[in-house]
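Worksheet for the structure shown next.
Residue numbers (my numbering): 10 to 244.
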């Protein structure tokens, strides 16, 4: 049996993919041991993606070449705008992160890199390139979320963040993205591969920088934490 296009993309992204999925951040999230200031800083940065990510999803809806794909992608956009955004707001309240703090914290380099990638992919109006970026952001998270042991951590911040990325609807979404990219990607292989590999590297960088740029007690980045030896440190 031949390897699918998306499977080949993932295999070609190694070892970066596995370093991200097995990152210290993921391990500590699974056990509920991740420090609050690290989790808070990570969520502040991740929430920055919401606007541009929805725009990228909108570009996927606009460039999809079947009604079924458009409907399913549009439904996912609604879920991101609803359930996921609500989680962020509840998590910020639980962790004591104010709106004023969030507003004055600068983007990490990985956040800036992702925002630029989202904008570039959306502006390309190329369905395969858009799918390649979307697939990394969802499939890599499904990979680490499905590896989480049970029972889940006691903190809802940890447990719900895992659950948001390990549920039947999310599995179905990743299956949709893979199926679509397997269908249209081979005709745009080089461009899709470049977007995919860049996104995987940014995922690893994003986890690294959660420790290098944690949230300080007054809403500014705290002193850098020790880098994760398993990933070679923050980039």
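Where a beta carbon is used, it is the ideal one built from N, C-alpha and C, also for glycine.
Sequence-distant residues of its chain with Cβ nearer than 6 Å to residue i (five each side left out)
| i | result |
| --- | --- |
| residue 25 | 209, 210, 213 |
| residue 22 | 206, 209 |
| residue 35 | 153 |
| residue 38 | 167 |
| residue 157 | 39, 171 |
| residue 160 | none |
| residue 104 | 45, 49 |
Enclosing alpha helix (DSSP H) for residue i [first to last residue]
| i | result |
| --- | --- |
| residue 194 | Taken as a continuous stretch (DSSP letters only), residue 194 belongs to no alpha helix (DSSP H), as it is neither H nor E. |
| residue 139 | 136 to 155 |
| residue 160 | It is not in any alpha helix (DSSP H) - residue 160 carries neither H nor E in the DSSP assignment. |
| residue 25 | 25 to 30 |
| residue 21 | 14 to 21 |
| residue 223 | Premise fails: residue 223 is in no alpha helix (DSSP H) and is neither H nor E. |
Beta-carbon proximity of residue i to residue j, cut-off 8 Å
| i | j | result |
| --- | --- | --- |
| residue 41 | residue 162 | yes |
| residue 95 | residue 54 | no |
| residue 216 | residue 29 | yes |
| residue 79 | residue 70 | yes |
| residue 101 | residue 52 | yes |
| residue 173 | residue 147 | no |
Exposure of residue i, with buried meaning 16 or more beta-carbon neighbours within 10 Å
| i | result |
| --- | --- |
| residue 204 | buried |
| residue 98 | exposed |
Beta-carbon contacts of residue i that lie in its chain and below 8 Å, excluding the five residues immediately before and after
| i | result |
| --- | --- |
| residue 193 | 74, 136, 137, 140 |
| residue 86 | 63, 66, 67, 70 |
Whole-number beta carbon distance between residue j and residue i, since they are thought to touch under 8 Å
| i | j | result |
| --- | --- | --- |
| residue 190 | residue 151 | That pair is no contact at about 15 Å. |
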